[in-house]
Amino acid sequence: MSSGTVASESKMVFLHLRLTGQKLELVSQGVANAAMKLPANVVPGDGLYHRVLSSSGRVLAQGREPDPRIEYWDAPVEDGTGRLTGGVVRLENVDFAVRYPLMEGMDHIEFFKVSHT
750 MSSGTVASES KMVFLHLRLT GQKLELVSQG VANAAMKLPA NVVPGDGLYH RVLSSSGRVL
810 AQGREPDPRI EYWDAPVEDG TGRLTGGVVR LENVDFAVRY PLMEGMDHIE FFKVSHT
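The numbering used here runs 749 ahead of the 1-based position in the sequence shown.
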């Protein structure tokens with residue numbers, strides 16, 4: 750992350766995204782009057798890694814989200830014990846949001862799908 754990044758303490762950028770198969774699409778974007786700290790420096794890991802860049806390619810901020818296509822579920826076992834059963838479902842089409850504080854020099858955001866092999 751770039752040292753000297755100036756982030757707004759009162760404005761936040763919201764990106765509404767849609768992931769369809771392997772295609773990522775920007776559905777809408779907006780700026781809200783809201784407070785958000787600049788995300789801590791992260792190491793890319795499983796899920797979606799994203800980073801905000803300036804027009805010159807300087808990384809201003811970065812973040813990581815769990816893969817939004819993975820949904821965990823649970824349900825009570827019907828034997829009356831109060832135990833739960835559950836699992837994981839992988840969805841092909843999902844909508845999700847990413848947010849960052851509004852930053853001086855923001856130009857674009859890059860996304861990477863990261864998974865260990």
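Even glycine gets a Cβ: it sits at the ideal position worked out from N, Cα and C.
The beta strand (DSSP E) enclosing residue i, as first and last residue numbers
i, result
"residue 812", "808-814"
"residue 790", "Segment: none, residue 790 is in no beta strand (DSSP E) and carries neither H nor E."
"residue 852", "842-852"
"residue 839", "833-839"
"residue 829", "Unbroken run through residue 829: none, as it is neither H nor E."
DSSP-derived helix/strand/coil call for residue i
i, result
"residue 799", "strand"
"residue 817", "coil"
"residue 750", "At residue 750 the pLDDT is 47, less than 50, meaning the model places this residue with poor confidence; the figure from the coordinates comes in the next sentence. Reduced to three states, the DSSP call for residue 750 is coil."
"residue 855", "coil"
"residue 770", "coil"
"residue 783", "coil"
"residue 765", "strand"
"residue 804", "coil"
Status (buried if at least 16 other CB within 10 Å, exposed otherwise) for residue i
i, result
"residue 751", "Caution applies to residue 751, whose pLDDT of 48 falls short of 50 and renders its modelled position unreliable; the model cannot decide the point."
"residue 819", "exposed"
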